[in-house]
Every structure is written in structure tokens, then in C-alpha cells.
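If you read the sequences in order, they're chains A and B.
For the record, in the first sequence the residue sitting at position 35 is 35 according to our numbering, with numbers rising by one throughout.
Just add 1000 to the spot in the second sequence (first one is 1) and you have our numbering.
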Amino acid sequence: MALLQIAEPGQSPQPHQRRLAVGIDLGTTNSLVAAMRSGLATPLPDAQGRVILPSAVRYLADGVEVGHAAVAAAASDPLNSIISVKRLMGRGLADVKQLGAQLPYRFVAGDSQMPFIDTVQGAKSPVEVSADILRVLRERAEASLGGQLVGAVITVPAYFDDAQRQATKDAARLAGLNVLRLLNEPTAAAVAYGLDKGAEGVVAIYDLGGGTFDISILRLTRGVFEVLATGGDSALGGDDFDHAIAGWLIEQAGLSADLDPGAQRHLLQVACAAKEALTDADSVTLAYGDWSGTLDRAQFAALIEPLLARSLKACRRAVRDAGIELDEVEAVVMVGGSTRVPRVREAVGELFGRTPLTDLDPDQVVALGAAIQADALAGNQQGEELLLLDVIPLSLGLETMGGLMEKVIARNTTIPVARGQEFTTYKDGQTAMMIHVLQGERELVSDCRSLARFELRGIPPMVAGAAKIRVTYQVDADGLLSVSARELGSGVEASIQVKPSYGLSDSEIARMLQDSFAHAGDDKAARALREQQVEAERLLEVVQAALAADGERLLDAEERAVIDHEMQQLRELAAGSDVGAIERQARRLSQVTDAFAARRMDAGIKAALTGRQLNEIEE
Amino acid sequence: MAISMTEAAAQHVRRSLEGRGKGEGIRLGVRTTGCSGLAYVLEFVDELAPEDLVFESFGVKVIIDPKSLSYLDGTELDFTREGLNEGFKFNNPNVRSECGCGESFNV
Chain A
1 MALLQIAEPG
11 QSPQPHQRRL
21 AVGIDLGTTN
31 SLVAAMRSGL
41 ATPLPDAQGR
51 VILPSAVRYL
61 ADGVEVGHAA
71 VAAAASDPLN
81 SIISVKRLMG
91 RGLADVKQLG
101 AQLPYRFVAG
111 DSQMPFIDTV
121 QGAKSPVEVS
131 ADILRVLRER
141 AEASLGGQLV
151 GAVITVPAYF
161 DDAQRQATKD
171 AARLAGLNVL
181 RLLNEPTAAA
191 VAYGLDKGAE
201 GVVAIYDLGG
211 GTFDISILRL
221 TRGVFEVLAT
231 GGDSALGGDD
241 FDHAIAGWLI
251 EQAGLSADLD
261 PGAQRHLLQV
271 ACAAKEALTD
281 ADSVTLAYGD
291 WSGTLDRAQF
301 AALIEPLLAR
311 SLKACRRAVR
321 DAGIELDEVE
331 AVVMVGGSTR
341 VPRVREAVGE
351 LFGRTPLTDL
361 DPDQVVALGA
371 AIQADALAGN
381 QQGEELLLLD
391 VIPLSLGLET
401 MGGLMEKVIA
411 RNTTIPVARG
421 QEFTTYKDGQ
431 TAMMIHVLQG
441 ERELVSDCRS
451 LARFELRGIP
461 PMVAGAAKIR
471 VTYQVDADGL
481 LSVSARELGS
491 GVEASIQVKP
501 SYGLSDSEIA
511 RMLQDSFAHA
521 GDDKAARALR
531 EQQVEAERLL
541 EVVQAALAAD
551 GERLLDAEER
561 AVIDHEMQQL
571 RELAAGSDVG
581 AIERQARRLS
591 QVTDAFAARR
601 MDAGIKAALT
611 GRQLNEIEE
Chain B
1001 MAISMTEAAA
1011 QHVRRSLEGR
1021 GKGEGIRLGV
1031 RTTGCSGLAY
1041 VLEFVDELAP
1051 EDLVFESFGV
1061 KVIIDPKSLS
1071 YLDGTELDFT
1081 REGLNEGFKF
1091 NNPNVRSECG
1101 CGESFNV
């Protein structure tokens, strides 16, 4: 018979209508799955009672191993044992080559720009490898909950761009999971602590894992977490603590520093065990070979101080980027196994001037938050009106004439969202329009990231500026974008689902954001200049077209020479960068062509009236 | 007339109540629904209704309304594991037939 869970008062589900949903933390090193059970978010263990599934996949000639077995084989079969695949998600071959030195895999190019890893089972994309991890978690969840899942909430780093989010979503679909939503990891951690139900304010999420450090500053307003700033260090984590202890041990025991890989591994295991023991004990005895010694908390704290200082520096920078003061942070959430180290908690507490939240298991907190969100999204919490929303990390827009970025949806807009803007044609008789979809904060297209291009064709020929083209940007709840363009007169339409082939690296996103602040002034000036140049070019084209049509007929040689001269002046000025001069000259050109324009209009009216009866015209 | 819990069930309820941070106890009940006519209710209790009956098992309050009691008299609530799945099970002596999944039943 079905096993029941305790429901909130008055919310017992109908028989056969329990909607099973889980939260999944798909991590770089470890992954786990959690669900709401009897009103509590709980991690779901495997048959051996292990909650954590190492994010490792090993491809064998006749099967796939996921988790602990794959990690164990990483040393003996490095080419077929894929670890840390999350670092490759949504990246192009070029990005991956930069990471290449750290990765032992053989990469092969595929049809797309996605990198494929050559394994004994053939080429595997990072999406497929992630799907294998997700599939194991899905099967575990279905066995644990006794039924099919309605869906899952999967967490991603706050700095993941559209390409990386899309890759994660694709992996889930491949694993047979319906994605209810992708949720930012720091947001999930805040939800796990119930901060979304609390007062409005600024929250810091300090996430120190095995190999990476992330700091996120979020602001909660009316149930919406807005990412104010992210920062971190992609090469700082608990593994570095182990290395620090191992270095100390080598010094103490008078060992030679160039140990063979086996000895090194053993040494790091001893170091790691000592680190973990120091979480509860004040001192610990280490033994390595013939040597044995004692390490106490104070010594350990001194060893990791430089590492800790790096993380605190990143925290201060993130707080500054967020445009707030340290004392405005109202809660600090600790995430990641390395935040168990008492000195880490203490130092973070000192920095923010408040005790960090550590009640929940720091390895599980992200998955627990995702489980709470999944349960709500699956519709299991009647009466919960407020659903947590997320925001767009970088502004979305399109290219306008002159290589300018026109923002359609601003950064930090809550999603899902749809925004439209009207654009028009630039030239007479223009029948197609290129829509270039961009993401970034800068004013010039060359400083933003190109997401996609598509063309709207079949616009009826009209004079410049007469066509009305409505471009609509729609971002779904997972932060994925679709763009459509429609000419309102004729109804012709074109659209695109943005599936970028590769993304930006974390540091690039951070750089793009910082650049946008640093270059705000330059950008504004550059924009003003380009706008003036575009206006000048447009004016020149209009006058040129008019001259070609009626110049001979309506202008004498002297008048013509004046106009030609002013046009030449404008052409020369427009090539330069004096905004004011271009504007003045454009105005001058309009003035000297005023009479010509008036004559053309008269001629046009005369032509229209010639040979018509008065009553025809009156009609 | 009595309702009881196994020790495992009581322990799990106690832990759930602690994790939840509030609650008087746990409500057992039935309502008319489902493919076999009746379905079990298993909920936290924040406020007792005046007609509620309270039983105690291993220090945990089991709360039930009188109407449900007639369907559940003699029931023992158990907490079990089946493979990876774990949850509560009603051992109800009054059941004549239940649907395949056991989520609804008939007396």
C-alpha cells in the first residue's frame, strides 16, 4: 500500500493526486536531490544511505557508472571518467580550450559549437554527461517517493548565462525530468532558511565548496530575490585547506616536497581527515609514515588565514559592487562543506557583524531550498500565493542603426516577463529587417554579447519610418528567451528561440558588469555620437534621393551647388567625433534644402491635381 | 475505542513536529473521496476542534474527530520503509477492501 506523509492542516492531498516534485542541486563536485516529506524538506538518500552523489560519470564499453564508483575510477581511467562537467556546460570549444590545461579529456568538435568529450562510448556532450547524473537522481527520487515525478527544480549558479541555463534544461529533458524552474543557487539557500518569508532586506550567501568560492548579495523585495552582485574565486575551496595542512605536515615531518602521486594522495587524505576532525575537536593527532604530531585549531586557523583573506576580500568587493554597506546585510547564509570549519564561520561573522546561519547542513541547503520551491510550484501548497521569482542577470536588447544596443528588458527585471518595443524601417522601400539579439549592459553592440540573429522578411515597401515593427522579448520562468518581430501593417512575422551555442565565462560576466559601471560616461558619449552620425547619414540619404528625383527640374545651378557643398560638409563632419558640429551642420543642411523641399511638395500636389475635376478632388 | 501508533511512527511524528517548529500533534481521519470511497487524512494539528478526541502514544498526541473514529477504531499508525521509500501506513482492522495503491479504502 502507498506510504503516506503528514500534510499541513487542511491540506491532505486527494488520493492519487499527490504531485511529487523534487529539488536538485546539480553541483560541480557533488549533486543531491531533496523533497518535501511530512512538511519538511529532506534529502533523499540512495540504497546505501548516502545522500551525496558525486557529479562523476564513467563510460564503460557496456554501461555507465555514476557517482562514487566513477570517482574511484577517475585515477585509473581518466579519459572515460568525467568529473566537474558543470564547468563545461553551455561553453564553446574555444572557452573549453582555455580550461584545457586542467582537464584531461580529449575534446572533439561536433556539428554545433559545443565541445564533445571523446569516450569509449563515443563523443559525449557535457549536456549528455549531466543528463546521466540527473537520471540517477530522478530514479532515486522516484524509488524514494513511490511514484512518477511531476517535475523538478534544478539549481544553477547566479552567474549562469542563457546558454548555460539552456544546457542545464536540455540535460534535464534528456534525463526524463520536467523542469518546473531553474533556480539560482544562492536564492535556493535563502529559501531553505525561509528568508523569502521574512522581512525585506539584503542577504549575503557565502558558498565555499571543495574547489570554488561564490559570494552572492541578494535583495528581497515583495517576495522577489534580486541578485545585486556576485563574486568569488573559481579556484578557492576546501581542497586548498587540505593542501595547506599537507604543506605544514611536509614541513613538520621534514619530507621532500616532490612526493609520488600515490603518497601525495595519501597525504591529502590524512590532511582532509584532520581538517574534518578539527570541526568538533580542539586539536587532532596526525600520523604519516613514522611521523606523528598534533595540530590544533589555532594552528589550522593560521594555515588557512591567507585563503580566508581572499574569500573575505571577494565578499567586500561584492558588497561594494552591490552599492551597499556591510552593515546593511541583514542575514548571512553559509553554504558548502568548507563552511563547517569554525574559523571560517567566525571570520565571516566578524566581517558582516552578525552570526551566519548554519543550522542546516551546508552541503544540503541548496537542494533543500529547491525542494521547497518545487513543492510550491507543483501546486502542493494551497494558500501560498507568493511564489518566489527570479531576475534577469544581464539586460536583453537588440542592435539598432549605428551599432547601438537598445535595451528591451533591463537587468534585474523579474521573470517571467514579456516586453515589446516598436521599431521602424531606416530606408525607403526596405523589405527586410535584421534583428540582432544582444545581452549586456554596455551601449555599443561590440561590447555586448551576441545571442542570436534573425531576419524579418516580407515587409511591404514603404517610405522610411512608415513601417511599424513590433519586437517582443519574452523570458520564461527559467530565464530563457524568445524573440518575435511583427510588422503591424501586413502582419508578417518572424521569431526565434534563443539557444545560443556557447556562453560567457563567469569572469567575463563579472567583467561585463564592472565595465558597464566603469564606462557609463564614455558609453553615453559614444551613444550620442553614433545617434548623431546615424541621423546625419539618414538626412544625407534623403536629400540625395530627392536630388536624384527632382534636382534637375527644380533647382538652378547655384542652388544645387550650395546644397552639394553643405552635404559635403556634413559628410566630412559625420566621419569625425564632434557631436555638436554634426548636429549644427545637419540643421544647416535642412535649412538650405527647405526651399527645395517646399518646391517638391508643390510640384507633387500639382501633379496630383492635374487633369482632375474639382469634384474628384473633393471626394 | 482507541487509536495508537508504533514507536517508530511516534518518533517520526515527534521529529517532524520539532522540525516544523509548531503543532499540537497529529490528526488521523478519513474523508469521503477516492476510488474506493474513503481516504485517509494525515495532518499536523495547530488547533484542536472542540469535538476532537485526543489519544496519546509514546508521548505524542494523536487527534481524531468522532466521525472518523468510527472508521478508524483500533487502527495503529506505523512508519515503515519499503526500499528507498518511507512513510506512514494505517493498519486499520475495519477495512474490507482498498484500492490497489491503498490510498483509499472501504469499510
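Where a beta carbon is used, it is the ideal one built from N, C-alpha and C, also for glycine.
Legend entry - Close-in-space but distant-in-sequence residues of the same chain around Glu1007/B (CB under 7 Å, 5 per side omitted): Phe1058
Inset, instruction - Measure the Cβ-Cβ separation of Met401/A and Val534/A and say whether it is below 8 Å. - result: yes
Inset, instruction - State yes or no: is the beta carbon of Asn1085/B nearer than 8 Å to at least one beta carbon in chain A? - result: yes
Legend entry - Simplified DSSP assignment, three categories, for Ser12/A: coil
Inset, instruction - List the residues of chain A that Asp1052/B touches, going by C-beta distances under 9 Å, in chain order. - result: Near Asp1052/B there are no residues of chain A at all, since even the closest Cβ is about 12 Å away, more than 9 Å.
Legend entry - Presumed contact (8 Å Cβ cut-off) between Lys1022/B and Asp1046/B, rounded CB distance: 6 Å
Inset, instruction - Please list the partners that Pro9/A has in chain B, where partner means a Cβ-to-Cβ separation under 9 Å. - result: Gly1023, Arg1027, Glu1043, Phe1044, Val1045, Asp1046 and Glu1047
Inset, instruction - Could you have a look at Thr187/A and say whether DSSP puts it in helix, strand or coil? - result: helix
Inset, instruction - Spatial neighbours of Ala420/A within its chain, please: CB distance less than 6 Å, with the 5 preceding and 5 following residues excluded, ordered by chain position. - result: Ala is not the amino acid found at residue 420/A; the sequence shown has Gly there. The residues are Arg470 and Thr472.
Inset, instruction - Grab me the residues of Glu559/A's own chain with a C-beta within less than 8 Å of its C-beta, minus the 5 sequence neighbours each way, in chain order. - result: Ala595 and Phe596
Legend entry - Neighbourhood of Ala581/A by C-beta distance below 7 Å, restricted to the same chain and skipping five residues each side: Leu573
Legend entry - Per-residue DSSP class, three states only, for Val344/A: helix
Legend entry - Any chain A beta carbon closer than 8 Å to Tyr1040/B: yes
Legend entry - Chain-ordered chain A contacts of Phe1088/B [CB-CB under 9 Å]: Leu3, Leu4, Gln5, Ile6 and Ser38
Legend entry - Leu1042/B versus Ala41/A: straight-line alpha-carbon distance, rounded: 17 Å
Inset, instruction - Whole angstroms is fine: what's the gap from Val127/A's alpha carbon to Thr155/A's? - result: 15 Å
Inset, instruction - Kindly provide the ranges of any alpha helix (DSSP H) runs that are 4 or more residues long and lie completely inside the stretch 354–380 of chain A, ordered along the chain. - result: 365–377
Legend entry - Pairwise C-alpha distance: Arg486/A and Pro306/A: 57 Å
Inset, instruction - Determine the chain A residues that contact Gly1019/B at a beta-carbon separation under 7 Å, and present them in chain order. - result: Leu40
Legend entry - Within chain A, the residues that Ser1016/B reaches when beta carbons sit closer than 7 Å: Ile6, Ser38, Gly39 and Leu40
Inset, instruction - For Glu1007/B, decide whether its Cβ has a neighbour in chain A, counting only Cβ atoms nearer than 8 Å. - result: no
Inset, instruction - With DSSP collapsed to three states, give me the class of Tyr473/A. - result: strand
Inset, instruction - List the residues that DSSP assigns as beta-bridge partners of Met401/A. - result: None, per the DSSP bridge assignment.
Inset, instruction - Just the C-alpha distance for Val120/A and Val129/A, rounded to the nearest angstrom, thanks. - result: 13 Å
Inset, instruction - Spell out whether any CB of chain A is found under 8 Å from the CB atom of Ile1003/B. - result: no
Legend entry - Cutoff 8 Å; reference Asn1094/B; Cβ partners in own chain excluding five residues on either side: Tyr1071, Leu1072, Asp1073, Gly1074, Thr1075 and Val1107
Inset, instruction - Take the Cβ of Pro461/A as the centre, count every other Cβ of all protein chains shown within 10 Å, and call the residue buried at 16 or more, exposed below. - result: exposed
Inset, instruction - Please confirm if Ser12/A has its CB atom under 8 Å from at least one CB of chain B. - result: yes
Inset, instruction - Following the continuous alpha helix (DSSP H) through Arg173/A, name the residue where it begins and the one where it ends. - result: Asp162 to Leu174
Inset, instruction - Taking only beta carbons into account, state which residues of the stretch 137–150 of chain A come closer than 7 Å to chain D, listed in chain order. - result: Given the protein chain composition of this structure (A and B), no chain D is represented.
Inset, instruction - Could you spell out where the beta strand (DSSP E) holding Asp258/A opens and where it closes? - result: No beta strand (DSSP E) holds Asp258/A; DSSP gives it neither H nor E.
Inset, instruction - Could I get the ranges of all uninterrupted alpha helix (DSSP H) runs contained in the stretch 1042–1100 of chain B, with 4 residues as the minimum, in chain order? - result: 1066–1072
Legend entry - Cβ pair count under 8 Å reaching 3, the stretch 529–548 of chain A against the stretch 560–571 of chain A: yes
Legend entry - Nearest-angstrom beta carbon gap, Leu220/A and Gly238/A [assumed within contact, 8 Å]: Their Cβ separation, rounded to whole angstroms, is 29 Å, which puts Gly238/A and Leu220/A out of contact at 8 Å.
Legend entry - Residues of its chain near Ile1063/B, where Cβ-Cβ distance is below 6 Å and the 5 sequence neighbours each way are ignored: Gly1025, Arg1027, Val1045, Asp1052 and Val1054
Legend entry - Below-8 Å beta-carbon distance, Thr1080/B vs any chain A residue: yes
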